[in-house]
Amino acid sequence: MTSGKDRATSGLVFNIQKYSVHDGPGIRTLVFLKGCPLACRWCSNPESQSFKVELAVNQGRCLGVDQCTRCFKACPAQAISIQEGKPAFNRTLCVGCARPCVDACPASGVIAYGESKTVDEVLRLVEQDGQFYARSGGGLTLSGGEPLAQPEFSLALLREAGRRRIDRAMETCGHAPWQLLAEASGLLNAIMFDIKSLNAKRHLEFTGRPPDVAVDNLQRLVKERPSLPVHVRTPVIPGFNDTEQDIEDICLFLAELPSITYELLPYHRLGTQKYHFLGREAPMGEATLASETFLRLEALARTRLGAKYTA
Amino acid sequence: MLNPECCNVLSSHEQMLQDKIAGKEDKRRVAHPRAFTILDSFDGKKPRIDVERAKYFTESMRETEGQALVLRWAKAMAHIAANITVYIDDHQLLCGRTGCQGRYGILYPELDGDFLGQAVETLPTRQASPAYITPEDARVVIEEIAPYWQGKTFHEALNKALPPDVHKLTYDDPEGLYSRFVVNETASFRSSIQWVHDYAKVLNRGFKDLKREAQDKLAALDPLSPADNVEKRPFLEAMCIVCDAIVLWSQRHAALARTTANHEKNPERKAELLAMAEICERVPEHPASTFHEAMQAQWLTQMFSRLEQKTGTIISNGRMDQYLYPFYKKDMEEGRITEERAEELLECMWVALAQFIDLYISPTGGAFNEGYAHWEAVTIGGQTPDGRDATNDLSYLFLKSKREFPLHYPDLAARIHAGAPERFLWEVAETIKDGTGFPKLINDEEVIPLYVSKGASFEEAYDYAVSGCSEARMPNRDTYTSGGAYINFAAALEMVLRNGRMLKYGDRQLGHETGDPRTFKTWDELWNAYAAQHQLFLKTAFYQQHVIISLRGKHFAWPMGSVLHDLCMKHCLDLHTPQIPEGINLGYFEYIGYGTVIDSLSAMKKLVFEDKKLSMDELLEAMDNNFEGREDVRQLLKSAPCYGNNNEYADSIAKDIDLLSLEYAKKYSAELGMHNDVRYVPFTSHVPFGKVVSAMPNGRKAWTPLSDGSSASHGADVNGPTSVLLSNYASKNLGYRERAARLLNIKFTPKCLAGEEGTRKLVSFIRTFCDLKLWHVQFNVINRDTLIAAQRDPEKYRSLIVRIAGYSAYFVDLSPDLQNDLIARAAHESC
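Heads up: the sequence lines are chains A and B, in that order.
Numbering-wise, my numbering comes out as the position in the first sequence, counting from 1, plus 111.
Numbering-wise, my numbering comes out as the position in the second sequence, counting from 1, plus 1473.
So this is what it looks like as structure tokens:
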């Protein structure tokens, strides 16, 4: 693939976040690709799941119709009406043109999640922090959604980033064809790989798919790319994998894999309001994770995996 | 209690406060008993005004009228040295204070004595930085001190000398007691801008040798030369007198130490007192021979310096890790001292520093320097005069002392350069993470080439010392000027929008009438109107400075500052002389409200002239109503590109604004005989300046604080700290040498910097700051909830220290306005 072709390849991006310091080595820029094969109930980025541009409304920012009526004047499909002094969005009438109402809102209360960007556009933004990467060993981290769910775009991003001497890392749920993961991993300096649970039934119930593909992919990745640093992560989710048994199982599986590192991440509810913006109910409801539970499971993982546990 | 969910990581300073609140023992107290015992004697207490300095100074000046000013000043110092009460504090190992025990401030009636009557009444109850005075002292001020200075103070002379068009932008009343807060002069509340002495000279030669130098020069004067006899002779005589004065002062301390020792029952303390007596008998008259002597000699020198004049931001300490190192090394090699003992001596200086308050008696001075602001900068790190890394064991000891004894004194400054060792940066980062705001960082890669271009040799530039808030000094090459203008450029923008007027000051025309903005058809018309007001403010500032410079030599002299300066001694000129041959006169004027003005211009350019989402009429009306009922307009304005996000649209406006100032300075500085350069350092002036500025087109509401220094407007920097640094870089005009310091505040939550990985990332962040050649950066590492809790419950959080503008202060000492300002500064927590 030529650089010219890669540069012009475009994909759907929903966020670019500078100064990320907890997702890979050094100071990094996270590029979030939209669309995911899973639909995890605890997902803290619900806007990452769909492959389409999505309209979202932060009612908290709305100034009310006595101050502003810009959005429903702007809507070409009459999908916006006034209810109880605030605009109501009828998502079935919405034609997905997104921009007019988003542009009209002065308070940034109407949001379009997802924007088509070329590789060149993305990397120009990423390269702005180049001096920080050079000093810290940081660079670009592809995240999602699932980056490999936009295969052409993510591979083009990684190839072109490589040409521009940007360090490359990727977060993946592992649910992608092996060939694709293999190709991507050849372009990466580091990978962060989610193993959510080995319990097939519950995995299916909570994410929409069984864990097999990810588990197989991880085994193969470690075997075939022995020099690639692989950091495995498990989000600890109440009612899903927050028991000793769940973590024990994962640790036993990981103990067999050479040269990986491992980390547990505690469930948090910071994504809840984004479900509301999207007009959805947060599937986890009010569930919370007790910090004692998390610390106990962390202690367990540390005992089982020793120095491999790096949180 | 803090909300554990949001603040799951506390800085060690926050942890210490929580432990204190919970009644847990502070381990640091056990390890540093002496310093904490002294600290407890004054911590959190309201300062007292001590009048002795002003009283003896006035007594002497009354007797010497008609003589050369430098001679009068030296005689006044001799009179003070002979009569002022001397103290030996319990537990202290260093002696020398310039006023009563506890926290105290002293008066300089020669500067602004016309405020004294008002000040003794208002200071005790002033909201920002109060101080109390005893009834007897108040009587002395009103009956003995103030009357003599009536009609003689620098402030009165300046007020009279300013022509009406300059006066109206400077002061709000005919007497000049209240600032207009538009083009604000600062020369009347400090005798000079910040300064650093060549302390090494004191330690290595002693005042006896400095006096000998003056005597030799006296002997060599041509007895028939009028210049030698009228100009040089009184100067040199003054040098001799001031050298004797400080020696007398130290001998009086020695005598007191001996008397105190005689009455002391505790044998350990008795021995300490006798040792102190011996030290003060020797230094600063003779060269120091031990670390303890060097510390004592330096301390007496800086304290005596405070008696002499009100140096802007308090006299700085210079490169302490450099000039003290030979003494430390020798003592260590010869087994005379341990690291712990050296640290204890440093802490004795820190607790002594902390008791002196830089008292501003004028309302403007008080508003500019809230929280008893102080910048007696101690410089560590950097490079040697031949350009090698200068870090040594003492550099690390200063950092260790800051971590273990977290007091907001001294104002610790680390010089950072491309070759700084990793260990140094690592320990600097660890100290920053503690959360008291220290050290602030100054960048050699910006300062040194700039100073060379301003006329310094490489050797001098490599050896600069941090001075005051964020400046740098070359103590034997720099000369100085009076405090420069602080300019409220948000007011300039308001005058564009109100045709030369400000809402606060009604119909009075203050600026140019640049026309009704509703008639502006293009962005260029708006920009040109801004440039015209900008230029008028600069003209006013330079005019002020010209008058100030011409008055200064008639009002101030600084004999000790002069005897320590190579060029003053060479040319027999007092350091206050406006032009000293071979000197480089480095001064500046201040751009206040940078982020506010950039974002406002950016919003109008984008929304009014380009996107046409808003008419000028609609905008002006919304601002007239302080956005009441027009939150939609305010939100729209806030959505425009803002400075601090590495956004070219906003940053290019920032760069153009900077250029306006640089071009003016380039053209007109020479007429003032100085480098009157562009600086972006607010102290706390962005708060009082904000109080006169109505609503702004960036959505800022009327009378609220302006943006500070070269930092982004409150909450406008949404792209994280890397973008903040890059915007700062992008907005600089690197081709101009007329630039000076830019103050940059970055606030992190402790979580962002947690653990070893957090330190590593902070180190690389600092390295990149160095690569980008930014002048200054400082960090507040604190959880917002801690500030809110402290505001609610000040008693419990009495010892909470926060970084403000080149200095740190107790949070509870600040006015509610400034506290809210700190809470509003965006914290970077994307982790």
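C-beta atoms are modelled at their ideal positions from N, C-alpha and C, and glycine is treated no differently.
DSSP places A/Ala422 in no alpha helix (DSSP H); its state is neither H nor E.
Under the Cβ criterion (8 Å, minimum of three pairs), the region 1737–1748 of chain B does not count as touching the region 1785–1792 of chain B.
Contacts between A/Cys182 and chain B, judged by CB atoms closer than 7 Å, are missing: the closest CB pair is about 11 Å apart. The region 149–161 of chain A makes contact with the region 371–391 of chain A: 3 or more CB pairs, one atom from each, lie closer than 8 Å. Here B/Ala1554 is buried: its Cβ has 16 or more other Cβ atoms, across all protein chains shown, within 10 Å.
Counting every other CB atom within 10 Å of its CB across the protein chains shown gives B/Arg1888 a total of 16 or more, marking it as buried. Using a CB distance cut-off of 8 Å, B/Thr1558 does not count as an interface residue toward chain A. For A/Asp305, the secondary structure class from DSSP, reduced to helix, strand or coil, is strand. Bounds of the alpha helix (DSSP H) holding B/Arg2265 are 2257–2265. Taking all protein chains shown into account, B/Gly1539 has fewer than 16 neighbouring C-beta atoms within 10 Å of its C-beta and is therefore exposed. At least 8 Å separates the beta-carbon of B/Phe1515 from that of B/Arg1612. Not one beta carbon of chain A lies nearer than 8 Å to the beta carbon of B/Arg1896. Annotation: B/Arg2103 to B/Asp2090 spans about 13 Å, alpha carbon to alpha carbon. Taking 7 Å as the Cβ-Cβ cut-off, the region 2180–2206 of chain B approaches chain A at Asn2192, Gly2193, Pro2194, Thr2195, Ser2196, Leu2199, given in chain order. DSSP places B/Ile1579 in the uninterrupted beta strand (DSSP E) bounded by 1577–1579. Contact of B/Leu2245 with chain A is assigned, a C-beta pair being separated by under 8 Å. Proximity to A/Pro349 across A/Glu392, A/Asp177, A/Val341, A/Lys307 peaks at A/Lys307, based on C-alpha coordinates. Straight-line measurement puts the Cα of B/Ala1938 at about 17 Å from the Cα of B/Ser1926.
The beta carbon of B/Thr2177 sits closer than 7 Å to those of Gly2163, all from its chain and outside the five residues before and after it, given in chain order. Where B/Ala1886 is concerned, the enclosing beta strand (DSSP E) starts and stops at 1885–1889. When C-beta atoms of the region 1658–1675 of chain B are compared with those of the region 1942–1958 of chain B, three or more pairs fall below 8 Å, so the two segments count as touching. With the criterion set as a beta carbon lying under 8 Å from some beta carbon of chain A, the members of the region 2225–2249 of chain B are Cys2225, Glu2230, Gly2231, Arg2233, Lys2234, Ser2237, Phe2238, Arg2240, Thr2241, Asp2244, Leu2245, in sequence order.
Under the Cβ criterion of 8 Å, B/Glu2104 is counted among the residues facing chain A. Pairing B/Ile2255 with B/Gly1908 gives a Cβ-Cβ distance under 8 Å.
By the neighbour-count criterion, in which 16 or more other beta carbons inside 10 Å mark a residue as buried, B/Arg2265 falls on the exposed side.
Neighbourhood of B/Leu2109 in chain A, by CB distance below 7 Å: Pro217, in chain order. Proximity of the region 206–222 of chain A to the region 240–251 of chain A falls short of the contact definition, fewer than three beta-carbon pairs being nearer than 8 Å. C-alpha of B/Gly1569 to C-alpha of B/Gly1578: approximately 14 Å in a straight line. Residue-level contact by beta carbon fails for B/Asn2058 and chain A, as no gap is shorter than 8 Å.
B/Asn1790 has a beta carbon lying at 8 Å or more from every beta carbon in chain A.
Collapsing the DSSP output to three states places B/Val2106 in a helix. Using a Cβ-Cβ cut-off of 9 Å, B/Asn2119 is close to Lys129, Gln239, Asp240 of chain A, given in chain order. Distance from the CA of B/Ala1718 to the CA of B/Ala2227, rounded to the nearest whole angstrom, comes to 52 Å. Residue environment for B/Lys2085: exposed (fewer than 16 other C-beta atoms within 10 angstroms of its C-beta). For B/Ser1484, the closest Cβ of chain A is not nearer than 8 Å. If you ignore the 5 residues before and after B/Ala2095, its C-beta comes within less than 8 Å of the C-beta of Arg2103, Val2106, Arg2107, Ala2168, all in its own chain and listed in chain order.
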